[in-house]
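Undergrad:
Residue numbers (this note's numbering): 147 to 360.
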């Protein structure tokens, strides 16, 4: 059973490394970092995903280092951190000046400040028995946040889809119904729908009018 777990772990590591390396080895599309190097421009690339992934893989590498059984975690995320670092460096080299400045500040805050703080707190402030739990919770929260981030765009779109659908349904229901602007005509239509019985208020008004004329 132990050998099976190790083999599955190796397979998972290989797949993960291929996933990390996909921006380089995706020869099917030219929208890769090979294209960035060739054109010497980042184009529509955004640096935030690579900067965030660099932090995530670095923290998972730290988790694998402090975990006695974390060899597989350390190797795959260490390789991923190296690849993400290459992507970030290429982005900083070929990005436009204003984008480069913003990305450099983000790298300083996230990949230097946050990572350095977490590493220092883990090694010097957290008890040895709770280090693994502390880093594991941080890594899990960051990973969930990365994969859940598209929801920030999906939720408003879902609300818009619901409201738009409601408008279409109401339009289909009421588009063929005539709209009456004359109150007396509306009362007559209501009387006809009720089988011709006169409305009590209208009968009273008609009787008062006839007495006044007399």
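Ideal Cβ placement from N, Cα and C applies to all residues, glycine included.
Owing to the predicted nature of the structure, the values given are computational and were not obtained by experimental measurement.
Please list the segments of the alpha helix (DSSP H) lying wholly inside the stretch 216-291, counting only runs of 4 or more residues, in order along the chain.
TA: 217-240, 243-253, 261-266, all fully within the stretch 216-291.
Undergrad: Please name the residue, chosen from 285, 312, 152, that lies closest to residue 217 on a Cα-to-Cα basis.
TA: Here residue 217 corresponds to residue number 71 of the chain shown, with the count starting at 1. Checking every option, the nearest Cα to that of residue 217 belongs to 152.
Undergrad: Please classify residue 311: does DSSP put it in a helix, a strand, or coil?
TA: In the chain shown, counting from the first residue as 1, residue 311 sits at position 165. In the structure shown, residue 311 sits in a helix (DSSP, three-state: H, G or I).
Undergrad: Taking the C-alpha atoms as reference points, what is the distance between residue 174 and residue 273?
TA: The count along the chain shown starts at 1 and reaches residue 174 at position 28. The count along the chain shown starts at 1 and reaches residue 273 at position 127. Note that residue 174 has pLDDT 43, beneath the 50 cutoff, so the model's placement of it is unreliable and the number below is only indicative. Their Cα atoms are separated by approximately 49 Å.
Undergrad: Can you round the beta-carbon distance between residue 253 and residue 197 to whole angstroms, since I take them to be within the 8 Å contact cut?
TA: To locate residue 253, count along the chain shown from 1; it is residue 107. To locate residue 197, count along the chain shown from 1; it is residue 51. Rounded, the Cβ-Cβ distance is 6 Å, consistent with contact.
Undergrad: Tell me the residue span of the alpha helix (DSSP H) that contains residue 189.
TA: Residue 189 sits at position 43 when you count from the first residue of the chain shown. Looking at the DSSP string, residue 189 is not in any alpha helix (DSSP H), and its letter there is neither H nor E.
Undergrad: List the whole-angstrom C-beta distance separating residue 281 from residue 228, where the pair is believed to meet the contact cut-off of C-beta under 8 Å.
TA: Here residue 281 corresponds to residue number 135 of the chain shown, with the count starting at 1. Here residue 228 corresponds to residue number 82 of the chain shown, with the count starting at 1. The Cβ separation is near 20 Å, so there is no contact.
Undergrad: Say whether the stretch 236-243 touches the stretch 261-270, bearing in mind that this needs 3 or more beta-carbon pairs closer than 8 Å, one atom from each stretch.
TA: The stretch 236-243 is not in contact with the stretch 261-270.
Undergrad: Going by DSSP, what residue range makes up the alpha helix (DSSP H) through residue 195?
TA: Position 49 of the chain shown, counted from the first residue, corresponds to residue 195. Counting along the chain, the alpha helix (DSSP H) containing residue 195 begins and ends at 194-212.
Undergrad: Is residue 149 helix, strand or coil by DSSP?
TA: Sequence index remark: in the chain shown, residue 149 carries index 3 (1-based). DSSP places residue 149 in helix when its eight states are reduced to three.
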